[in-house]
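There are 2 protein chains.
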Amino acid sequence: MPTGPALLTDRYELTMVAAALADGTADRDCVFEVFARRLPHGRRYGVVAGTGRLLEQLPSFRFGDAELTALREQGLTDPRLLDWLAGFRFSGDVDGYAEGELFFPGSPVLTVRAPFAEGVLLETLVLSVLNHDSAIASAAARMVGAACERPCIEMGSRRTHEQAAVAAARAAHLVGFVASSNLEAGRRYGVPTTGTSAHAFTLLHDDESAAFRAQVDTLGVGTTLLVDTYDVAKGIATAVEVAGPQLGAIRLDSGDLPTLASAARRQLDDLGATGTRIIVTSDLDEYAIAGLMAAPVDGYGVGTSLVTGSGAPTAGMVYKLVERDGLPVAKRSEGKNSVGGRKSAVRRHDPDGTATAEVVTSGPVEPREGDRQLVVPLVRGGEVVAPSSPSGALSAAVAHHRRVREALPPEAWALSRGEPALETVTA
Amino acid sequence: MPTGPALLTDRYELTMVAAALADGTADRDCVFEVFARRLPHGRRYGVVAGTGRLLEQLPSFRFGDAELTALREQGLTDPRLLDWLAGFRFSGDVDGYAEGELFFPGSPVLTVRAPFAEGVLLETLVLSVLNHDSAIASAAARMVGAACERPCIEMGSRRTHEQAAVAAARAAHLVGFVASSNLEAGRRYGVPTTGTSAHAFTLLHDDESAAFRAQVDTLGVGTTLLVDTYDVAKGIATAVEVAGPQLGAIRLDSGDLPTLASAARRQLDDLGATGTRIIVTSDLDEYAIAGLMAAPVDGYGVGTSLVTGSGAPTAGMVYKLVERDGLPVAKRSEGKNSVGGRKSAVRRHDPDGTATAEVVTSGPVEPREGDRQLVVPLVRGGEVVAPSSPSGALSAAVAHHRRVREALPPEAWALSRGEPALETVTA
Chain P
1 MPTGPALLTD RYELTMVAAA LADGTADRDC VFEVFARRLP HGRRYGVVAG
51 TGRLLEQLPS FRFGDAELTA LREQGLTDPR LLDWLAGFRF SGDVDGYAEG
101 ELFFPGSPVL TVRAPFAEGV LLETLVLSVL NHDSAIASAA ARMVGAACER
151 PCIEMGSRRT HEQAAVAAAR AAHLVGFVAS SNLEAGRRYG VPTTGTSAHA
201 FTLLHDDESA AFRAQVDTLG VGTTLLVDTY DVAKGIATAV EVAGPQLGAI
251 RLDSGDLPTL ASAARRQLDD LGATGTRIIV TSDLDEYAIA GLMAAPVDGY
301 GVGTSLVTGS GAPTAGMVYK LVERDGLPVA KRSEGKNSVG GRKSAVRRHD
351 PDGTATAEVV TSGPVEPREG DRQLVVPLVR GGEVVAPSSP SGALSAAVAH
401 HRRVREALPP EAWALSRGEP ALETVTA
Chain X
1 MPTGPALLTD RYELTMVAAA LADGTADRDC VFEVFARRLP HGRRYGVVAG
51 TGRLLEQLPS FRFGDAELTA LREQGLTDPR LLDWLAGFRF SGDVDGYAEG
101 ELFFPGSPVL TVRAPFAEGV LLETLVLSVL NHDSAIASAA ARMVGAACER
151 PCIEMGSRRT HEQAAVAAAR AAHLVGFVAS SNLEAGRRYG VPTTGTSAHA
201 FTLLHDDESA AFRAQVDTLG VGTTLLVDTY DVAKGIATAV EVAGPQLGAI
251 RLDSGDLPTL ASAARRQLDD LGATGTRIIV TSDLDEYAIA GLMAAPVDGY
301 GVGTSLVTGS GAPTAGMVYK LVERDGLPVA KRSEGKNSVG GRKSAVRRHD
351 PDGTATAEVV TSGPVEPREG DRQLVVPLVR GGEVVAPSSP SGALSAAVAH
401 HRRVREALPP EAWALSRGEP ALETVTA
């Protein structure tokens, strides 16, 4: 059984390699660029995510016996192709935006320089990882922004593919979600995990009181009790009766949350549970979170809308050949033009440190005061630069994102549809 | 490193198990039911997909040393919980709709009967798999319907998580997509794979003619040449010049496809390439496919909108405790009511064999002529019933789906938003 990612690839990458090997173009020096033509849905910014996951997988992108057998069985029998794949090991260079960086239309998020056959082979995996993870991170960042300083918890595993769920938990943590429900995200990336109970646990018991008592006995009075299985007011009364006024939190998962949260706060305070927090979780997205800003809510659990990118489940990044043997190339298809040539990029800032433009040029950028270089080396000669543990890479990305997001102008935080917060200057 | 799916689980499943073990409720006989409260976006029907993938993973849902260590590191240290998990092996029964079956609001798509602790543990994985795969299959089925008999090819791997891509290719094939670009879907499930070349391959070469010649030399004149890198009319002329009138197909990936396809057909016919097919691929969804019905198009390649569920990236299925110790249970949360008790379901048909209703009852259904039982046994005493290879299970689902979809009333094929094609009768 193949254990690496090499077959997570579109067949046409291999047919192109076969044809290029046959006519001698496979070795041409090529530069491929990953970028998004636009931000989805009038978003103001995007967040680059997935780079760490991609670099984790790169060393095992190899064609062993299992992979080659699978290719033969699918009719890919060209001996020259199979020989070449058997010896394949990516030997090129990769540069890109640091994970957690913001991106705008045309930002050169990743650049792969390699012989054609090596570079084209990575296309599908590169795009799968970056498009998925960046879509989740971009949506999650808006939620974190809407929540201001209140904590957000990721709990959408059940609404997306079981492996995508792990990547989604990682992407959410990258932009500031404090925890996830997903245990594998905890193991693989060190994402803090959290969880208490579901309605089923209450229904399992003879009454709500017995369920709450069982939970408090096992998890302590600091736990979060789910109070809306039957009647919220009775649920809260029972919760405080069982756990005492030191109860950590209650969770509301249905109904009109602003109204319910206000009533719950009054009731908790009247019962002396003034420190008991209120967590809400019912089909939240960035708009619902913003709508709860005036309500006495202490934390948000977000599921479906997070793992599905809140209306934009893919980042729409493409992987385009922009240079061949040092010459810029670009297709001229209607509505899908691209700009040839390898790019440089800086983020320009005013004297106060607020970002003012994304400068993307085909040649080197003439540096100005306040410019920050956006492209950093990721792979050199096939070796990942500064390799780090999966959790170390994620921590670095969390810190980088927090830093760069502070430089955004205020209009970036608008949830309404509009233009990107920074203009991409291609001069 | 864990190799099984046990950690692809929300933490609260384990905290509930811990609390239930402590208070003696873990062994209560429970029935959990998977259903969708509604179909997304005014869809007329949904397609159950993922069952085969779920049953593949069930036997390896175990907690070995690697999993237990990971749990301890995340603070799940309760010895009673860890002991129980170390010995865990699902011992219950699972019934459900056959994979490929249609579903409607309230259809009991999957039913798990087991002691509470065993049943609750499967919740996250069950929902992740079914919600993802059913969302893709439900969208893909509309595309296949809109394409009538013209072949659809799945090519969306790059727009979704790299592992979700494999499941998406499988789900698309299940409902009639003839092939996929994804090589791993070919290996794992026997999905036919296909692929020829991208714009990068043309740009790699000194001119279009050299690129086409390289491709034809390697893949034969039956291949599909991508003709829109520079100018479509010139591209077609060059394609036929290089490959001759026996050229298999051309592909159009940009521009106004109805206009371009008509012009391409005329040009190909004038060049004597009357058998050369026209494949189109630019951001298609079910509406764009329907809009091309009058155009001389021979096949559709679908990417983004397929793997993202065409606006409905998750099926919205939930996993609810409906019975405990033989008694129906249900929460009464506002807007999220559910109906207690284990369900039976039949699809009712008129004498012509057209489906007329989805009958879902808490007791057994009084059978009528033309009723078809929808619930079949999947797991008995923890053992998968009639285990079959992954590709065998998929073939069976393909055949089942084709059969049951023929019984749908004509209104089911409407792409417009509306009511479900069958009413769910809960009497």
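Going down the list, the sequences are from chains P and X. Mapping the first sequence onto the UniProt record's numbering, position 95 (from 1) lands on 95, and the numbers just tick up by one. Mapping the second sequence onto the UniProt record's numbering, position 130 (from 1) lands on 130, and the numbers just tick up by one. Ideal Cβ placement from N, Cα and C applies to all residues, glycine included. None of these values were measured; they are calculated from a predicted model.
**Message:** Assuming contact is defined by CB atoms lying nearer than 9 Å, are X/R37 and P/D231 in contact in what I supplied?
**Reply:** no
**Item:** Nearest-angstrom beta carbon gap, X/G248 and X/G222 [assumed within contact, 8 Å]
**Value:** 4 Å
**Request:** Determine whether the Cβ of X/A164 lies closer than 9 Å to any Cβ atom of chain P.
**Result:** yes
**Message:** Let me check you understand the geometry: is the CB of P/T15 closer than 8 Å to at least one non-hydrogen atom of the ligand GTP?
**Reply:** Ligands are entirely absent from the displayed structure, and the ligand GTP is therefore not among its contents.
**Exposure of P/H401, with buried meaning 16 or more beta-carbon neighbours within 10 Å** = buried
**Prompt:** Which residues does DSSP pair with P/M16 in a beta bridge?
**Reply:** Answer by DSSP bridge pairing: none, since P/M16 is not bridged.
**Request:** Look at the Cβ atom of X/F90, then the Cβ atom of X/V379, and state whether they are nearer than 9 Å.
**Result:** yes
**Request:** Anything in chain P within Cβ reach of X/E184, meaning under 7 Å, just list it in chain order.
**Result:** L7, L8
**Prompt:** Cα-Cα, which of X/T69, X/G382, X/A171, X/R403 is closest to X/D133?
**Reply:** X/A171
**Message:** Between the alpha carbons of residue 502 of chain X and X/G106, how many angstroms are there, rounded?
**Reply:** One cannot answer for residue 502 of chain X here, as it falls past the ends of chain X, which runs 1 to 427.
**Item:** Any C-beta of chain X under 9 Å from that of P/H199
**Value:** yes
**Asked** Is it the case that the Cβ atoms of P/T111 and P/V375 are separated by a distance below 9 Å?
**Response** yes
**Asked** Who are the Cβ neighbours of P/A98 in its own chain at under 6 Å, not counting the five residues just before and after it?
**Response** V376, H400
**Message:** Using 8 Å for Cβ pairs, my map puts P/H349 next to X/Q163. What's the rounded Cβ distance?
**Reply:** The pair is not a contact, with the Cβ atoms about 39 Å apart (cut-off 8 Å).
**Prompt:** Shorter than 9 Å from the beta carbon of X/Q74 to some beta carbon of chain P?
**Reply:** yes
**Where X/P59 sits in the DSSP three-state scheme** = helix
**Request:** With 7 Å as the limit, tell me which residues of the region 296-319 of chain P have their beta carbon closer than that to any beta carbon of chain X; keep them in chain order.
**Result:** T304, T308, P313, T314
**Request:** Indicate whether the contact test is met: 3 or more Cβ pairs, each with one atom in the region 75-90 of chain P and one in the region 2-20 of chain P, closer than 8 Å.
**Result:** yes
**Request:** Entirely within the region 53-103 of chain P and at least 4 residues each: give me those alpha helix (DSSP H) ranges in chain order.
**Result:** 65-73, 79-87
**Request:** Taking all protein chains shown into account, decide if P/G235 is buried (16 or more other Cβ within 10 angstroms of its Cβ) or exposed.
**Result:** buried
**Message:** Please classify P/L327 as buried or exposed, where buried requires at least 16 other C-beta atoms within 10 Å of its C-beta.
**Reply:** exposed
**Asked** What's the gap between the Cα of P/E123 and the Cα of X/S157?
**Response** 10 Å
**Request:** With DSSP as the reference, label X/Q267 as helix, strand or coil.
**Result:** helix
**Prompt:** Is the CB of X/V329 under 9 Å away from at least one CB in chain P?
**Reply:** yes
**Request:** Pull up the CB-CB distance for P/Y300 and P/L415, whole angstroms please, since I reckon it's below 8 Å.
**Result:** About 15 Å separates the two Cβ atoms, so there is no contact after all.
**Contacts around P/R62, its chain only, beta-carbon distance under 8 Å, and the 5 residues preceding and following it disregarded** = G4, A6, F88, R89
**Asked** What residues in the region 275-287 of chain X bring their beta carbon closer than 9 Å to a beta carbon of chain P?
**Response** S282
**Request:** Excluding the 5 residues preceding and the 5 following P/E13 in the sequence, name in chain order all residues of the same chain whose CB lies nearer than 7 Å to its CB.
**Result:** V120, L121, E123, T124
**Asked** Could one say the Cβ of P/F32 lies closer than 9 Å to chain X's Cβ atoms, at least one of them?
**Response** yes
**Request:** Determine which residues of the region 116-127 of chain P have a Cβ less than 9 Å from any Cβ of chain X, and write them out in chain order.
**Result:** F116, G119, V120, E123, T124, L125, V126, L127
**Prompt:** chain P beta carbons: is any one of them nearer than 9 Å to that of X/Y45?
**Reply:** no
**Asked** Count the other CB atoms within 10 Å of the CB of X/D345; is the residue buried (16 or more) or exposed (fewer)?
**Response** This sequence places Ala at residue 345 of chain X; Asp is not what is there. Per the 10 Å Cβ criterion, buried.
**Request:** Determine the chain X residues that contact P/Q267 at a beta-carbon separation under 9 Å, and present them in chain order.
**Result:** Within 9 Å Cβ-Cβ: nothing; P/Q267 doesn't reach chain X, min ~17 Å.
**Request:** Closer than 7 Å, Cβ to Cβ, to anything on chain P: give me those residues from the region 229-263 of chain X, in chain order.
**Result:** T229, Y230, D253, S254, G255
**Item:** Contacts of X/D375 in chain P (Cβ-Cβ under 7 Å)
**Value:** In the sequence as displayed, the identity of residue 375 of chain X is Val instead of Asp. Result: empty, since nearest Cβ-Cβ is about 21 Å, beyond 7 Å.
**Asked** What's the call for P/T69, buried or exposed, on a 16-neighbour Cβ count within 10 Å?
**Response** exposed
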